[in-house]
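Undergrad:
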Amino acid sequence: MKLMDITPYYHSTSGGIKTYINYKVEFMKNQDAEHVVVIPGKKPKTYTVGRTRFYELSSFRLIGGYRFFSSVKEINRIIEEEKPDVVELGGT
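To convert, take the position in the sequence shown, counting from 1, and add 6; that gives the numbering used here.
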């Protein structure tokens with residue numbers, strides 16, 4: 007099984023959704039499933055933490071340190087490439 011989280015509310019000073027995803031990343035380390043997280047960033051970047059693959063996508067800056075996705079097309083590309091069984095949209 008492959009799980010995917012997509013949220014614009016994951017950055018260095020965010021709270022609830024980031025905490026939830028961080029707990030899920032820890033939980034997934036001991037599971038027989040894959041986990042993918044799609045978040046906005048300054049520039050495109052992919053990295054792995056345990057069994058979780060993070061995709062940071064180019065985004066534009068908002069107030070309070072938040073960012074928002076610049077391209078729905080890029081999100082769709084990742085969904086098509088990763089083929090998740092479950093997609094959870096956090097705060098969108």
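Yeah, the Cβ is synthetic: ideal placement off N, Cα and C, and Gly gets one too. All of these numbers come straight from a predicted model, not from anything done at the bench.
Can you pull the DSSP bridge partners for Pro46?
TA: Here residue 46 is taken as the residue at index 40 of the sequence shown, counted from 1. Note: Pro46 sits in a beta bridge opposite Leu63.
Undergrad: If we ignore side chains and look at the alpha-carbon of each, how far apart do Tyr26 and Leu9 end up?
TA: By 1-based counting over the sequence shown, the position of residue 26 is 20. By 1-based counting over the sequence shown, the position of residue 9 is 3. Near 14 Å, if we compare the C-alpha coordinates of Leu9 and Tyr26.
Undergrad: Please classify Val78 as buried or exposed, where buried requires at least 16 other C-beta atoms within 10 Å of its C-beta.
TA: For the purposes of this step, residue 78 is identified with residue 72 of the sequence shown, where counting begins at 1. When all chains shown are included, Val78 counts as exposed.
Undergrad: Once the 5 residues before and after Tyr53 are set aside, which same chain residues still bring their CB inside 6 Å of it?
TA: Numbered from its first residue, the sequence shown carries residue 53 at position 47. So the qualifying residues of the chain are Phe60.
Undergrad: Which residue or residues does DSSP assign as beta-bridge partners of Met10?
TA: As a first step, residue 10 is located in the sequence shown; it is residue number 4 there, counting from the start. Paired residues: Val42, Val93.
Undergrad: Look up Lys51 in the DSSP assignment and give the residues it is bridged to.
TA: Within the sequence shown, the letter at position 45 stands for residue 51. DSSP lists Glu62 as partners of Lys51.
Undergrad: What number of angstroms, rounded off, separates the C-alpha of Lys89 from the C-alpha of Ile12?
TA: Along the sequence shown, read from residue 1 onward, the residue named residue 89 stands at position 83. Along the sequence shown, read from residue 1 onward, the residue named residue 12 stands at position 6. Their Cα atoms are separated by approximately 14 Å.
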